[in-house]
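In numbering that gives the first Met the number 0, the protein residues as written are 0 to 261. Beta carbons are placed, not taken as given, at the ideal position from N, Cα and C, and that holds for glycine. Taking it in order: structure first as structure tokens, then the write-up.
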Amino acid sequence: MTADHPAGAAKETGSASQNIDPQEVERFAALAGKWWDPNGEFRPLHKIGAARLAFIRNAVTGHFLIDDDKIRAFSGLRMLDTGCGGGLVCEPLARLGATVTGIDPAEESVAVAKVHAQSQGLEIDYRAERIEDVAQRGEQFDVTLSLEVIEHVPDPAAFIASCAQTVRPGGLLIVSTINRTMKAYGLAIVAAEQILRWLPAGTHQWDRFVTPDELGQMFSDCGLENPRYEGLVLDPLRDRWTIGSDTDVNYIASAEKPEAAG
0 MTADHPAGAA
10 KETGSASQNI
20 DPQEVERFAA
30 LAGKWWDPNG
40 EFRPLHKIGA
50 ARLAFIRNAV
60 TGHFLIDDDK
70 IRAFSGLRML
80 DTGCGGGLVC
90 EPLARLGATV
100 TGIDPAEESV
110 AVAKVHAQSQ
120 GLEIDYRAER
130 IEDVAQRGEQ
140 FDVTLSLEVI
150 EHVPDPAAFI
160 ASCAQTVRPG
170 GLLIVSTINR
180 TMKAYGLAIV
190 AAEQILRWLP
200 AGTHQWDRFV
210 TPDELGQMFS
220 DCGLENPRYE
230 GLVLDPLRDR
240 WTIGSDTDVN
250 YIASAEKPEA
260 AG
């Protein structure tokens, strides 16, 4: 029931290789000034943030054998957040000690992210560019994240392949998205967009939702291993998101890139 920004490309040039939906980019660009309003259009992302970060922290510390009690547990790690929007994920990663790069196709969102990070005294490398650009340069990171992005791109398998290219051997890819179930249709579209108006109407397209099995196949096709899935579950009575076993609507997953042979 959430929506970060599509991260396929900064601008459409008519090239078939650019894996974006221009209308999606324009929609989020128009909302760029509202990223840090906890009660605005991005309120669901503010609410789900703690649960997503808990999964990320557990996955990263477990994979890299880091003491989870460390205040700056991500010190020494390079992380890429693709579809970073206004920086809602980049900033907590930076506070945990990571060297963070955030990319987004909308220059408007990147500009907001830069200003907000500076106001917080955080050094984050924000760029208005495509994940394909990063992959083609051969730039790699310890952890690449794509949170609520894959359901906004025309070719999710190609998008995941580009994300996987930016993960170094021995690194980790973390993805969150929405399952393609009737329950997700009812909650993420009918309830969240049409009834409760938590999100602008038209934010999601049900046929672009991705099942865990489909995501797992994408991971496998990219050579990623040991996928782990958890549900991101909303308790409407407490207005709180938690990690749980129910992946029927929102879920988050991690997968590992094997160490290079030899």
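Exercise. Distance, Cα to Cα, GLY48 vs HIS151?
Worked result: Position 49 of the sequence shown holds residue 48. Position 152 of the sequence shown holds residue 151. Whole-angstrom Cα-Cα distance: 19 Å.
For this session: Let me know if ALA116 comes out buried or exposed under the rule of 16 or more other beta-carbons within 10 Å of its beta-carbon.
Result: Residue numbering aside, residue 116 sits at position 117 when the sequence shown is read from its first letter. ALA116 should be labelled buried.
For this session: With a threshold of 16 other CB atoms inside 10 Å of the CB of ASN38, please say whether the residue is buried or exposed.
Result: Counted from its first residue, the sequence shown places residue 38 at position 39. ASN38 should be labelled exposed.
For this session: Just mark ILE19 as buried or exposed, buried being the case when its beta carbon has 16 or more other beta carbons within 10 Å.
Result: Residue 19 sits at position 20 when you count from the first residue of the sequence shown. Counting Cβ neighbours within 10 Å, ILE19 comes out buried, since at least 16 surround it.
For this session: Could you spell out where the alpha helix (DSSP H) holding SER244 opens and where it closes?
Result: For the purposes of this step, residue 244 is identified with residue 245 of the sequence shown, where counting begins at 1. Counting along the chain, SER244 falls outside any alpha helix (DSSP H), and DSSP gives it neither H nor E.
Exercise. Can you give, in chain order, each stretch of the beta strand (DSSP E) that sits fully within the stretch 88-144 and has at least 3 residues?
Worked result: 98-102, 124-126
For this session: List the endpoints of the continuous alpha helix (DSSP H) containing ASP212.
Result: Taking the first residue of the sequence shown as 1, we reach residue 212 at position 213. Element bounds for ASP212: 211-220.
Problem set entry | Selected residue, minimal CA-CA separation from MET78, among ALA93, ARG126, ALA157, ILE65 | Locating residue 78 in the sequence shown gives position 79, counting from the first residue. The option with the nearest alpha carbon to MET78 is ALA93.
Problem set entry | Bounding residues of the alpha helix (DSSP H) (the contiguous stretch that carries PRO43) | Along the sequence shown, read from residue 1 onward, the residue named residue 43 stands at position 44. 42-62 is the span of the alpha helix (DSSP H), which, as asked, contains PRO43.
Exercise. Leaving out five residues before and five after MET217 in sequence, what residues of the same chain have Cβ atoms less than 6 Å from its Cβ?
Worked result: Translated into positions along the sequence shown, residue 217 becomes position 218. Excluding residues within five positions, the ones whose Cβ falls inside 6 Å are ALA156, ILE159.
Exercise. Can you check whether the CB of ALA31 is closer than 8 Å to the CB of GLY85?
Worked result: Counting from 1 along the sequence shown, the entry for residue 85 is found at position 86. Counting from 1 along the sequence shown, the entry for residue 31 is found at position 32. Result yes, Cβ atoms of GLY85 and ALA31 sit closer than 8 Å.
Problem set entry | Other residues of its chain near THR143: CB distance less than 7 Å, five sequence neighbours each side excluded | As a first step, residue 143 is located in the sequence shown; it is residue number 144 there, counting from the start. Contacts found: LEU79, THR81, CYS162, THR165, VAL166, LEU172.
Exercise. What's the call for LYS182, buried or exposed, on a 16-neighbour Cβ count within 10 Å?
Worked result: Numbered from its first residue, the sequence shown carries residue 182 at position 183. Looking at its Cβ environment, which holds fewer than 16 other Cβ atoms inside 10 Å, LYS182 is exposed.
Exercise. Hey, out of LEU233, GLU258, GLU40, ARG237, whose CA is closest to ARG51's CA?
Worked result: Against the sequence shown, residue 51 aligns to sequence position 52. Comparing Cα-Cα distances from ARG51 to each of LEU233, GLU258, GLU40, ARG237, the minimum goes to LEU233.
Problem set entry | Residues of its chain near TYR228, where Cβ-Cβ distance is below 7 Å and the 5 sequence neighbours each way are ignored | For the purposes of this step, residue 228 is identified with residue 229 of the sequence shown, where counting begins at 1. Excluding residues within five positions, the ones whose Cβ falls inside 7 Å are PRO211, THR246, TYR250, ALA252.
Exercise. What residue range is occupied by the uninterrupted beta strand (DSSP E) comprising SER74?
Worked result: Start at 1 with the first residue of the sequence shown, and residue 74 comes out as number 75. Run containing SER74: none; DSSP gives neither H nor E here.
Problem set entry | Assigned secondary structure, ASP206 (DSSP; H/G/I helix, E/B strand, else coil) | If you number the sequence shown from 1, residue 206 lands on position 207. Residue state, collapsed to three classes: helix.
Exercise. Using CA coordinates, which residue listed in GLU122, ALA97, PRO91, GLU131 is at the minimum distance from ASP103?
Worked result: Counting from one through the sequence shown, the residue named residue 103 turns up at place 104. The option with the nearest alpha carbon to ASP103 is GLU131.
Problem set entry | DSSP-derived helix/strand/coil call for ILE194 | The residue given as residue 194 occupies position 195 in the sequence shown. Confidence is the limiting factor: at ILE194 the pLDDT is only 47, short of 50, which leaves the residue's position unreliable and the question unanswerable from this model.
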